[in-house]
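Contents: one structure, followed by commentary.
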Amino acid sequence: MKKRKIPMRKCVACQENKPKKELIRIVRSPEGNVSIDHSGKKSGRGAYICNQKSCFELAHKKKTLQNQLAAQVDDTVYEELKKQVSETRD
Numbered sequence: 001m002k003k004r005k006i007p008m009r010k011c012v013a014c015q016e017n018k019p020k021k022e023l024i025r026i027v028r029s030p031e032g033n034v035s036i037d038h039s040g041k042k043s044g045r046g047a048y049i050c051n052q053k054s055c056f057e058l059a060h061k062k063k064t065l066q067n068q069l070a071a072q073v074d075d076t077v078y079e080e081l082k083k084q085v086s087e088t089r090d
């Protein structure tokens, strides 16, 4: 029986390769809107971040999401991301 290949993605903050399912995807749509992609299937340019508070804080401080997506990331996206990270790590 063949083993399925697990898709790996790199966190923009810590630069670690992890399984895609363990990361949070932030996507810039073709129209230029930036949002969190809960399904992992939205079309557009995507960036991945670990589900850890330290990675969120590093990405926010260094503005790595803005650099990776080549778009302005709104504060509402950061607030939603912060909420999602803190909910999963309690």
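Mind the numbering: the sequence shown is residues 1 to 90 in the working numbering, read in order. Where is the CB? At the ideal position from N, CA and C, for every residue including glycine.
Is the separation between the beta-carbon of residue i and that of residue j shorter than 8 Å?
| i | j | result |
| --- | --- | --- |
| ALA13 | THR76 | no |
| LYS20 | GLY40 | yes |
| CYS50 | LYS18 | yes |
| LYS5 | TYR48 | no |
| GLY32 | ALA71 | yes |
For residue i, does the three-state DSSP call read helix, strand or coil?
| i | result |
| --- | --- |
| CYS50 | strand |
| SER86 | helix |
| ASN33 | coil |
| VAL73 | coil |
| LYS91 | The shown model of the chain, from 1 to 90, leaves out residue 91, and the question about it has no answer. |
In its own chain, which residues sit with a C-beta less than 7 Å from the C-beta of residue i, not counting the 5 before and 5 after it?
| i | result |
| --- | --- |
| SER35 | VAL27 and VAL77 |
Return the chain-ordered list of same chain residues with a C-beta closer than 8 Å to the C-beta of residue i, the five sequence neighbours on each side being excluded.
| i | result |
| --- | --- |
| ILE24 | ILE36, TYR48, ILE49, CYS50, ASN51, LEU81, GLN84 and VAL85 |
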